[in-house]
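Trainee:
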Amino acid sequence: MVTLDRLVNVLGGYGARLWCCPVSRESALRDVVMHDAADPRDLRGDVFLAVGTDSIATAVDLAVAAHASVVLVRASAPDERTETGDVAVLLVDPDVSWGQLAGVVYGLVLEGRETESGRGPTDLFALADSLADALGSAVTIEDRLSRVLAYSSRQHLADRARLETILGRRVPEPVRELFERRGVFGHLAASDEPLFVEADPGHGLTGRMVVAVRAGREMLGSIWVECDRPLTDVLSAVLRDSSRTVGLHLLRSRASADLERQVESDLVIRLVEGTPDAAAVLSRLGLPPGRFRVIALQAHIGDERHAALLLAFERATTGFGWSRPGRSTLFSNTVYTVLPGDDVEAARAWVRSIREALPRQVTMLAGIGAGANSAELPASRSEADECLALHAVRPGTKSAIAYDEAWDDILVQRLRAAAASGRAPARGPITELRRHDSANGTSYVATLRAWLEAQGDLAEAAERLEVHPNTIRYRLRKMAEVTELRLDQPAKRLAMIIELAVSDPAP
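Following the numbering used here, the residues of the sequence shown are numbered contiguously, the last one being 539.
(1) Considering only residues of the same chain and omitting the five flanking positions on each side of residue 389, which have a CB-CB separation below 7 angstroms?
(2) Determine the extent of the alpha helix (DSSP H) in which residue 368 is found, giving its start and end residues.
(3) Can you tell me whether residue 434 is helix, strand or coil according to DSSP?
(4) Would you mind sorting residue 136 into buried or exposed? The rule is 16 or more other CB atoms within 10 Å of its CB.
(5) Quick one: complete beta strand (DSSP E) runs, 3+ long, within the stretch 213-248?
(6) Which term fits residue 279, buried or exposed, when burial requires 16 or more other beta carbons within 10 angstroms of its beta carbon?
(7) For residue 218, decide whether its Cβ has a neighbour in chain C, counting only Cβ atoms nearer than 9 angstroms.
(8) Could you check which residue in 500, 244, 268 has the C-alpha nearest to that of residue 167?
(9) Tell me which residue opens and which closes the beta strand (DSSP E) that residue 200 is part of.
(10) Take residue 179 and list the residues in its own chain whose beta-carbon comes closer than 7 angstroms to its own, dropping the five residues that flank it on each side.
(11) With which residues is residue 34 paired in a DSSP beta bridge?
(12) In the DSSP output, which residue or residues are listed as bridge partners for residue 172?
(13) Assuming residue 190 and residue 133 form a contact by the criterion Cβ under 8 angstroms, report the distance between their Cβ atoms to the nearest whole angstrom.
(14) Since residue 325 and residue 373 are thought to touch, with beta carbons under 8 angstroms apart, how far apart are those beta carbons, to the nearest angstrom?
(15) Along the chain, where does the alpha helix (DSSP H) that runs through residue 484 open and close?
(16) With a CB to CB cut of under 7 angstroms and the five nearest residues on each side skipped, what residues in its chain are close to residue 185?
(17) Taking the CB atoms as reference points, tell me whether residue 443 and residue 462 lie closer together than 9 angstroms.
(18) Leaving out five residues on either side along the sequence, give the residues of the same chain with a beta carbon under 6 angstroms from the beta carbon of residue 447.
(19) Just confirm the distance between the C-beta atoms of residue 386 and residue 319, as a whole number of angstroms; I'd bet it's less than 8 angstroms.
(20) Does the beta-carbon of residue 506 have 16 or more other beta-carbons within 10 angstroms, so that it is buried, or is it exposed?
(21) Of all the options 294, 101, 396, which has the alpha carbon lying nearest to the alpha carbon of residue 427?
(22) By how many angstroms is the C-alpha of residue 120 removed from the C-alpha of residue 62?
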């Protein structure tokens, strides 16, 4: 249930401010009505949108008649003596369209959810059932990407394509390609009229009637009716009219989803940046106590950096809160997800599920932080960032990079960053040998590295460099004449290994 306080707080971000509030801000809001001067019917609702009214007094009178608790009106604030009775007044900024504001209000109030942990179910399934009963056929409601939003419980004579669509939560790719070849998607983009799609036994398809779902000119999705012949004119009219109803539901769902995403995003940012009440934030997000991993995602299309980031974020937050394993935020150019569990393979499987749901032309990179408790989530986020950055030095790596297997590379990257900031020694044996190689064409640095990595094994070092072991002995003696190596001291050997790793990355 949405309260007046929640409505005021949300609409504050959309250019509406509370002018007066003679009622409790804990008042429950369950329905919305909009003023229509051409409609003589009595209106009743908790939230009254005084569209077309430029007087607060008139707006309040209309709201009182509708038994509303709050009225939204676009008007200049009068003096404090204006009577408002028991109606709160929200003044709407002139730059904010009624269409935008109405979408937010309807989405927030009519969905009526205070989960803060994701989005609960809408009545799209009930609508699909009602439509299936009216048409006498199974119904599926899909979004623009052919993902299933709802489907009717009627399964009588359901064909293989429908069953695979429901099980996979989206139309199978071969069936989508068939529709593409037949011009179905082109028709949906251009027309509001229902279209009959012929059967195709090879794809398990008995036939379909389909109609686009729009809000204004924007296509939101489509309704699919399983049938072996075109619907009658009467039933086609029912399907066409139903598309408008579904459009309103999708608008409400999208507005509510956006608001819930904002709440979720703010809470996740608090977790990954560090907060003393992490346990309480996890509870508000609907996540159980225990271990977690932070996953960092970036998405590109060709050379356009981050062009698909919103797609990745939408996919990460698609689905009801209680059915999604993680909680996500879009921060700067990265999507961060807090995923319950300590299993790195489960985290990789989650990343794969996101990648598979994105268009083929999208390149998605991911980094997975180490397992962490609630207080360690900021450290896991930093590790996820560093794993993500490793893709730059591991070109061609498509799978997610996890801290568990890449901590050594991350350590070297940290040391490299320190060296780049001038915090590494500017002089020493490696510097002297590098200068000698440059001046005399020798290979002392490469030889020293091979010997150190082989832990002093002359034969292995010689094999790496494809020379004779005696050549390694000779070069080591000549190096000792150039600089003081002290290879008998473990600390010196360790320091040289680190400096070589930082300054001369292995090929």
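All residues carry an ideal CB built from backbone N, CA and C; glycine is no exception.
Mentor: On the basis of the data shown:
(1) Locating residue 389 in the sequence shown gives position 357, counting from the first residue. Excluding sequence positions up to five before and after residue 389, its CB lies within less than 7 angstroms of the CB of 347, all in the same chain and listed in chain order.
(2) By one-based count along the sequence shown, residue 368 stands at place 336. Residue 368: not part of any alpha helix (DSSP H); member of the beta strand (DSSP E) spanning 366-372, first to last residue.
(3) Working through the sequence shown from its first residue, we reach residue 434 at position 402. In the structure shown, residue 434 sits in a strand (DSSP, three-state: E or B).
(4) Within the sequence shown, the letter at position 104 stands for residue 136. Answer is buried; the Cβ neighbour count reaches 16.
(5) 227-229, 240-247, all fully within the stretch 213-248.
(6) Stepping through the sequence shown from its first residue, residue 279 is reached at position 247. Taking a 10 Å sphere around the C-beta of residue 279, we find 16 or more other C-beta atoms and assign the residue as buried.
(7) Absent from the structure: chain C. Only one protein chain is present.
(8) Indexing the sequence shown from 1 puts residue 167 at position 135. That would be 268, whose Cα lies nearest to the Cα of residue 167.
(9) Mapped onto the sequence shown, residue 200 falls at position 168. No beta strand (DSSP E) contains residue 200, which is instead part of the alpha helix (DSSP H) from 192-200.
(10) For the purposes of this step, residue 179 is identified with residue 147 of the sequence shown, where counting begins at 1. These residues qualify, in order along the chain: 201, 202.
(11) Reading the sequence shown from its first residue, position 2 is the one you call residue 34. The partner list for residue 34 (beta bridge, DSSP) reads 61.
(12) Mapped onto the sequence shown, residue 172 falls at position 140. Under DSSP, the beta-bridge partners assigned to residue 172 are 183, 256.
(13) Within the sequence shown, numbered from 1, the residue matching residue 190 stands at position 158. Within the sequence shown, numbered from 1, the residue matching residue 133 stands at position 101. Incorrect: roughly 42 angstroms between the Cβ atoms, too far for contact.
(14) Taking the first residue of the sequence shown as 1, we reach residue 325 at position 293. Taking the first residue of the sequence shown as 1, we reach residue 373 at position 341. With a Cβ gap of about 7 angstroms, residue 325 and residue 373 count as contacting.
(15) Residue 484 sits at position 452 when you count from the first residue of the sequence shown. Run containing residue 484: 476-485, per the alpha helix (DSSP H) assignment.
(16) Taking the sequence shown and counting its residues from 1, one reaches residue 185 at position 153. Correct list, in chain order: 161.
(17) Reading the sequence shown from its first residue, position 411 is the one you call residue 443. Reading the sequence shown from its first residue, position 430 is the one you call residue 462. Cβ distance not < 9 angstroms, so residue 443 and residue 462 don't count as in contact.
(18) To locate residue 447, count along the sequence shown from 1; it is residue 415. Exclusion of the five residues before and after residue 447 leaves 534 as the residues of its chain whose Cβ lies within less than 6 angstroms of its Cβ.
(19) To locate residue 386, count along the sequence shown from 1; it is residue 354. To locate residue 319, count along the sequence shown from 1; it is residue 287. Wrong, their Cβ atoms sit about 18 angstroms apart, outside the cutoff.
(20) As a working mapping, residue 506 is identified with position 474 in the sequence shown. Classification of residue 506: exposed, given that the 10 Å Cβ count is below 16.
(21) The residue you call residue 427 lines up with position 395 of the sequence shown. Put simply, of 294, 101, 396 the residue whose alpha carbon is nearest the alpha carbon of residue 427 is 396.
(22) One-based indexing of the sequence shown puts residue 62 at position 30. One-based indexing of the sequence shown puts residue 120 at position 88. Residue 62 and residue 120 have their C-alpha atoms some 15 angstroms from each other.
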